[in-house]
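A.B. asks: In the order they appear, the protein sequences are chains A and B. Here the first sequence is numbered in the numbering used here, starting from 1 and rising by one per residue. Here the second sequence is numbered in the numbering used here, starting from 478 and rising by one per residue. Let me give you the structure first, and then I'll get to my questions.
There are 2 protein chains.
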Amino acid sequence: MNPDDFRKHGYALVDWIADYLEHSDKYPVLSRVRPRDIVNALPPEAPEDPEPFEQIMRDFERVLVPGLTHWNHPGFMAYFAITGSAPGVLADFLSAALNQQAMLWRTSPAATELEEVTLGWLRKLIGLPGTFEGVVYDTASIATMHALVAAREAAVADVRAKGLAGRSDVPAVAVYCSDQTHSSIDKAVIAIGLGHQSLRKIPTDRDFRMRVDALEAQIARDRADGVLPIAVVPTVGTTSTTSIDPVPAVADVCARERLWMHVDAAYGGVAAMLPSHAHVLAGADRADSIVVNPHKWLFTPFDLSAFYCRRMAVVRAAFSLTPEYLRTPEAADVKNLMDTGVQLGRRFRSLKLWMILRSFGARALRARLAEHIRLAQELASWIDAHPDFERLAPVPFSVVCFRWKPAGMSWSDAEVDAANERLLDLVNASGDIFLSHTRLRGRLAIRVAIGHLRTTDEHVRRAWDLLLSSRELISTP
Amino acid sequence: MNPDDFRKHGYALVDWIADYLEHSDKYPVLSRVRPRDIVNALPPEAPEDPEPFEQIMRDFERVLVPGLTHWNHPGFMAYFAITGSAPGVLADFLSAALNQQAMLWRTSPAATELEEVTLGWLRKLIGLPGTFEGVVYDTASIATMHALVAAREAAVADVRAKGLAGRSDVPAVAVYCSDQTHSSIDKAVIAIGLGHQSLRKIPTDRDFRMRVDALEAQIARDRADGVLPIAVVPTVGTTSTTSIDPVPAVADVCARERLWMHVDAAYGGVAAMLPSHAHVLAGADRADSIVVNPHKWLFTPFDLSAFYCRRMAVVRAAFSLTPEYLRTPEAADVKNLMDTGVQLGRRFRSLKLWMILRSFGARALRARLAEHIRLAQELASWIDAHPDFERLAPVPFSVVCFRWKPAGMSWSDAEVDAANERLLDLVNASGDIFLSHTRLRGRLAIRVAIGHLRTTDEHVRRAWDLLLSSRELISTP
């Protein structure tokens with residue numbers, strides 16, 4: 001593609017994206033295609049000859065756009081709502097063109113050092129002390145895996161060299177989280193060879209927070225059984241209800257028991273920017289590591305997960321390894337980001353967070369988070385005031401869990417669940433709003449997650465109206 | 478940022494990038510900043526108030542551009558030369574705006590199914606049979622880690638549930654690669670708990686290829702010692718010399734010994750698109766898994782690593798895990814990409830490969846790869862013809878390893894190494910060309926890696942001229 005063509009197609013793409021960022025709600029938020037529709041619409045082989053970019057874009061619009069579920073849509077309230085904001089999208093465009101690989105300082109001083117600067121900015125905004133060093137990973141799943149590898153490194157002698165298998169000197173190990181913890185913790189313990197059974201899911205209190213008495217009892221039982229506890233993973237903003245584990249009390253346990261504390265604040269951590277929510281990271285200053293995802297609730301296009309660690313030397317002890325072809329004369333004077341992880345290659349991800357923080361400014365970001373929390377509180381108040389709806393969890397951030405339970409109906413629990421599934425399907429079929437679900441104390445719960453930059457009162461009101469009107473269509477469970 | 482501003486800044490960025498893609502060689506390819514220059518040039522805290530995008534771009538140009546090492550520069554011949562090509566850059570722009578998360582089919586049918594289509598196209602182009610199922614990971618490091626987790630899953634009973642620690646029924650395990658294998662294999666065995674010592678680095682022949690007799694002998698020794706062999710990782714295009722391990726013979730060993738064979742073809746795999754190089758993947762059809770990196774030598778902006786597996790059910794057995802909040806009614810009828818890995822969130826990466834394959838067409842991609850190989854052969858012929866230079870490895874692809882060794886000088890080996898280090902530094906100080914090094918049989922080798930889309934005869938000639946003229950400046954070792 002020559003420069004003139006690049007300009008022509010680039011301008012057209014800018015126009016398409018400008019329109020998309022403003023009007024993504026013209027599309028149904030949840031895709032309506034059926035399985036294999038897209039596979040069947042595309043040829044089975046790559047073309048031998050070049051195709052005009054206009055034609056590729058026409059196929060994009062014709063075949064792929066109907067197959068998008070629009071995460072960048074103000075009616076997206078499923079899972080955790082995220083945003084690819086305008087400055088972040090522009091930054092990622094630039095990042096793709098620069099194609100930096102920040103494995104070594106010399107292979108991208110800019111990406112290496114901007115990562116340090118930008119993570120420093122974010123660290124201060126959420127109130128973590130300077131004892132934490134930051135590194136960017138792609139996802140919280142990978143960040144947490146690295147945290148648990150570091151915990152293993154700290155707890156098991158010679159584990160880097162000798163591993164875990166065939167060693168009579170290494171007992172079974174245990175990692176502790178709550179029964180509300182994200183599945184990425186499960187995947188991490190499986191991946192790093194601890195085994196799924198090593199993960200102890202500590203029961204939660206009625207507000208879905210880890211019970212510290214149960215944690216202590218489980219650690220004592222494990223020690224009595226000859227099992228080696230290595231880490232506790234409390235969560236700030238669990239996936240189902242956004243509950244906040246009692247991090248200060250967990251930190252006391254970890255200090256006493258000498259366990260690695262990794263705080264999963266992937267969703268909730270950024271809310272600590274708000275004076276009203278600074279408390280959500282109470283105790284996190286005593287964590288060994290913590291993960292916060294700007295790509296969740298800080299308007300950063302996926303992927304950018306910020307990992308902060310007070311003991312990065314342990315992460316480096318686990319992973320640093322310099323083959324001859326990656327040796328550089330300046331190694332003693334600089335940070336080489338390849339030393340802090342599995343992945344050697346790494347995109348210039350900090351560029352988008354830097355541009356977002358500057359383009360919005362901290363004040364506007366706080367205002368947007370506060371507005372999302374206000375919208376969720378308002379929805380919660382409507383639910384609480386309605387005789388046919390039942391809220392199923394507290395709302396510490398911007399996610400509301402509830403169910404429809406018509407007053408006066410004598411439906412069984414299973415019937416209520418089935419009716420809520422149908423209600424969810426009807427709302428999602430609207431195309432205006434996309435909600436997801438979870439299960440709380442055995443009950444199916446509808447989740448409304450507010451987090452998109454352009455979500456306003458109007459969209460939350462529309463979600464509520466759809467819930468109210470759709471239930472009219474369900475007469476029997 | 479309102480839509481008008483997005484258009485304005487977007488057009489300006491298109492112009493900047495168009496100019497960059499055409500004229501990136503106006504910058505010194507290796508950054509000249511010193512450690513901390515960038516950190517020191519930026520404020521320690523995020524701004525409270527929004528800043529104009531023009532000002533952010535001015536700081537980008539003033540502070541960050543000097544800190545870039547230009548991977549997207551035709552004089553970049555270090556490590557492996559890569560390219561963020563124009564259609565790939567446009568596709569990544571679109572991908573950032575769409576902000577898809579292809580964890581579940583329903584959360585992005587387009588990204589889920591286009592990944593299948595595009596990996597099918599690439600699979601056919603490189604001649605792998607339809608028995609391979611593909612999945613995109615970010616990096617070959619992560620792909621290889623997943624391959625070894627799958628190998629562990631296949632070899633160790635109940636490893637997903639019970640892990641490796643504290644089990645008297647699980648012996649030490651072993652993984653085999655050559656002494657030329659990439660460091661990502663080392664990191665993978667460390668990460669997944671096998672231990673660094675589990676990795677047996679099999680000696681290579683004089684052309685840097687794994688010695689299959691030595692592999693067989695090591696496996697026999699390990700079995701005699703009660704160690705459990707689980708996997709062999711041959712490489713097609715090793716990092717130092719791009720040597721090709723004898724995959725067909727390794728496949729025979731793996732079949733006989735019932736070991737997982739994972740082929741690391743991250744660099745060399747795409748060359749199998751060429752009839753002249755189809756043989757480089759001979760035997761790979763019998764692999765359990767193979768990784769090929771379009772972001773290395775197929776003009777795809779980082780990151781996109783293609784993982785093909787004949788036993789994806791084993792990968793799924795290791796990793797699939799569906800918490801309630803990710804259950805969907807269509808799960809039985811579709812592929813949910815979260816089931817094949819650690820990472821839950823995943824970008825819409827296939828979009829860029831799809832646009833690149835269509836925009837170039839297969840014929841032009843083959844022609845470009847063939848040209849890179851021709852350029853490398855030509856450089857090798859100049860080196861071979863020159864009395865003061867010594868080639869240190871065969872050139873099966875587009876990387877040339879050699880050293881300067883002035884005829885008639887009685888320098889010691891250490892003196893020759895030191896002189897080559899100085900030569901390398903002088904070439905790199907030119908700003909026109911960036912080369913890296915390795916060590917082969919104890920000797921320091923300069924590496925010229927040709928792989929950028931815009932690298933031509935002129936750049937290779939410039940590299941050679943710089944080598945010739947720079948050595949004049951070195952009179953003593």
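Note that the Cβ used here is the ideal one computed from N, Cα and C, for glycine as well. Since we're looking at a predicted model, the values are computed, not measured.
1) What is the residue span of the beta strand (DSSP E) that Arg447/A lies within?
2) Report the rounded CA-to-CA distance for Thr681/B versus Ser655/B, giving the unit in angstroms.
3) In chain order, what residues of the same chain have a beta carbon less than 6 Å from the beta carbon of Asp894/B, not counting five sequence neighbours either side?
4) Kindly indicate if chain B contains any beta-carbon less than 9 Å away from that of Ser183/A.
5) Where do the N-terminal and C-terminal ends of the beta strand (DSSP E) with Met738/B fall, by residue?
6) How close, in whole Å, do the beta carbons of Leu440/A and Leu379/A come, if the pair is a contact with beta carbons under 8 Å?
7) Taking its Cβ as the centre, do 16 or more other Cβ atoms sit within 10 Å of Gln343/A, making it buried, or is it exposed?
8) Who pairs with Gly552/B in a beta bridge, going by DSSP?
9) So what's Pro706/B in DSSP terms, helix, strand or just coil?
10) For Ser907/B, which residues of its own chain have a beta-carbon under 7 Å away from its beta-carbon, when the five flanking residues on both sides are left out?
11) Taking one C-beta from the stretch 324-339 of chain A and one from the stretch 373-389 of chain A each time, how about it: are there three or more such pairs within less than 8 Å?
12) In chain A, which residues lie with their C-beta within 7 Å of the C-beta of Ile454/B?
13) Can you check which of these residues, Ser836/B, Asp492/B and Leu498/B, is closest to Phe53/A by C-alpha distance?
14) List the residues of chain A whose Cβ lies closer than 8 Å to the Cβ of Pro711/B, in chain order.
15) Quick check: the stretch 39-59 of chain A against the stretch 303-316 of chain A, are there 3 or more CB pairs under 8 Å?
16) What number of angstroms, rounded off, separates the C-alpha of Ser183/A from the C-alpha of Lys503/B?
17) Tell me, to the nearest whole angstrom, how far the beta carbon of Tyr137/A is from that of Phe307/A; I am working on the premise that it is less than 8 Å.
18) Any chance you could list the alpha helix (DSSP H) runs of at least 4 consecutive residues sitting entirely within the stretch 581-618 of chain B, in chain order?
19) Using the C-alpha atoms, what's the distance from Arg899/B back to Arg823/B?
20) So which residues of chain A does Glu807/B contact, with C-beta pairs closer than 8 Å?
21) Rank Pro44/A, Pro275/A, Pro35/A and Arg447/A by C-alpha distance to the C-alpha of Thr238/A and give the top, closest one.
22) Can you find a CB in chain A that lies within less than 9 Å of the CB of Leu775/B?
23) Could you compute how far the alpha carbon of Arg793/B sits from the alpha carbon of Met77/A?
24) Would you tell me roughly how many angstroms separate the C-alpha atoms of Ala251/A and Leu351/A, rounded to the nearest one?
25) Let me know the alpha helix (DSSP H) ranges lying completely inside the stretch 192-223 of chain A, each 4 residues or longer, listed in chain order.
26) Got a sec: which bits of the stretch 175-206 of chain A sit with their beta carbon under 9 Å from any beta carbon on chain B, in order along the chain?
27) Alpha carbon to alpha carbon, what distance is there between Thr817/B and Ala632/B?
28) Please list the partners that Asp569/B has in chain A, where partner means a Cβ-to-Cβ separation under 9 Å.
29) Mind checking which residues open and close the beta strand (DSSP E) that includes Ser645/B?
30) What does the alpha-carbon distance come out to for the pair Leu375/A and Leu353/A?
31) Can you tell me which of the three DSSP states Tyr504/B falls into?
32) Would you mind telling me which residues of chain A sit closer than 9 Å to Asn549/B, beta carbon to beta carbon, in chain order?
33) Pull up the distance between the alpha-carbon of Arg471/A and that of Leu424/A, whole angstroms please.
34) What separation, rounded to the nearest whole angstrom, lies between the Cα atoms of Ser889/B and Ser952/B?
35) Just checking: is the beta-carbon of Arg835/B within a distance shorter than 9 Å of some beta-carbon in chain A?
36) Could you check where the alpha helix (DSSP H) with His295/A kicks off and where it finishes?
C.D. replies: Considering the structure as presented:
1) Numbered from 1 along the first sequence, position 447 holds the residue referred to as residue 447/A. It spans Arg443 to Ala449 - the beta strand (DSSP E) in which Arg447/A sits, taken as one unbroken run.
2) To locate residue 681/B, count along the second sequence from 1; it is residue 204. To locate residue 655/B, count along the second sequence from 1; it is residue 178. So the two alpha carbons sit approximately 6 Å from each other.
3) The count along the second sequence starts at 1 and reaches residue 894/B at position 417. The residues are Leu921.
4) As a first step, residue 183/A is located in the first sequence; it is residue number 183 there, counting from the start. Chain B contact via Cβ: present.
5) As a position in the second sequence, residue 738/B is number 261, starting the count at 1. Its beta strand (DSSP E) spans residues Trp737 to Asp741.
6) Mapped onto the first sequence, residue 440/A falls at position 440. Mapped onto the first sequence, residue 379/A falls at position 379. About 17 Å separates the two Cβ atoms, so there is no contact after all.
7) What you label residue 343/A is simply residue 343 of the first sequence in a count that begins at 1. Gln343/A comes out buried.
8) Your numbering for residue 552/B matches position 75 in the second sequence. DSSP output for Gly552/B lists no bridge partner at all.
9) By 1-based counting over the second sequence, the position of residue 706/B is 229. Looking at Pro706/B - three-state DSSP - the assignment turns out to be strand.
10) Here residue 907/B is taken as the residue at index 430 of the second sequence, counted from 1. Hits under 7 Å: Leu943.
11) no
12) Residue 454/B is absent from the model: chain B starts at 478 and stops at 954.
13) Counted from its first residue, the first sequence places residue 53/A at position 53. Per the Cα distances, Ser836/B.
14) For the purposes of this step, residue 711/B is taken as residue 234 along the second sequence, with counting starting at 1. Listed along chain A is no residue with a C-beta nearer than 8 Å to that of Pro711/B; the closest approach is about 18 Å.
15) no
16) The residue given as residue 183/A occupies position 183 in the first sequence. The residue given as residue 503/B occupies position 26 in the second sequence. The alpha-carbon atoms of Ser183/A and Lys503/B are separated by roughly 48 Å.
17) To locate residue 137/A, count along the first sequence from 1; it is residue 137. To locate residue 307/A, count along the first sequence from 1; it is residue 307. Confirmed, about 6 Å.
18) Within the stretch 581-618 of chain B, complete alpha helix (DSSP H) segments of at least 4 residues are found at 586-602, given in chain order.
19) As a first step, residue 823/B must be located in the second sequence, where it is residue number 346. As a first step, residue 899/B must be located in the second sequence, where it is residue number 422. Going by the C-alpha atoms only, they are around 43 Å apart.
20) For the purposes of this step, residue 807/B is taken as residue 330 along the second sequence, with counting starting at 1. The contacting residues are Pro35.
21) Counting from one through the first sequence, the residue named residue 238/A turns up at place 238. That would be Arg447/A, whose Cα lies nearest to the Cα of Thr238/A.
22) As a working mapping, residue 775/B is identified with position 298 in the second sequence. For Leu775/B, the answer is no, since every Cβ of chain A falls outside 9 Å of its Cβ.
23) What you label residue 793/B is simply residue 316 of the second sequence in a count that begins at 1. What you label residue 77/A is simply residue 77 of the first sequence in a count that begins at 1. About 29 Å.
24) By 1-based counting over the first sequence, the position of residue 251/A is 251. By 1-based counting over the first sequence, the position of residue 351/A is 351. Cα-Cα distance, rounded: 33 Å.
25) none
26) His182, Ser183, Ser184, Asp186, Lys187, Ala188, Val189, Ile190, Ala191, Ile192, Gly193, Leu194, Gly195, His196, Gln197 and Ser198
27) Mapped onto the second sequence, residue 632/B falls at position 155. Mapped onto the second sequence, residue 817/B falls at position 340. Going from the Cα of Ala632/B to the Cα of Thr817/B covers about 18 Å.
28) Numbered from 1 along the second sequence, position 92 holds the residue referred to as residue 569/B. Residues of chain A with a Cβ closer than 9 Å to the Cβ of Asp569/B are, in chain order, Asp92, Phe93, Ser95, Ala96 and Ala97.
29) To locate residue 645/B, count along the second sequence from 1; it is residue 168. That residue, Ser645/B, is in no beta strand (DSSP E); it is neither H nor E in DSSP.
30) Sequence index remark: in the first sequence, residue 375/A carries index 375 (1-based). Sequence index remark: in the first sequence, residue 353/A carries index 353 (1-based). Their Cα atoms are separated by approximately 25 Å.
31) Here the question's residue 504/B lines up with position 27 in the second sequence. In this structure, Tyr504/B counts as coil in the three-state DSSP scheme.
32) Sequence index remark: in the second sequence, residue 549/B carries index 72 (1-based). Per Cβ cutoff of 9 Å: Ala97, Leu98, Asn99 and Gln100.
33) Taking the first sequence and counting its residues from 1, the one referred to as residue 471/A is at position 471. Taking the first sequence and counting its residues from 1, the one referred to as residue 424/A is at position 424. Computed Cα separation, rounded: 9 Å.
34) By 1-based counting over the second sequence, the position of residue 889/B is 412. By 1-based counting over the second sequence, the position of residue 952/B is 475. When rounded, the distance between both Cα atoms is 15 Å.
35) Taking the second sequence and counting its residues from 1, one reaches residue 835/B at position 358. Judged by the 9 Å Cβ criterion, Arg835/B is in contact with chain A.
36) Locating residue 295/A in the first sequence gives position 295, counting from the first residue. Per DSSP, His295/A belongs to the alpha helix (DSSP H) from Pro294 to Trp297.
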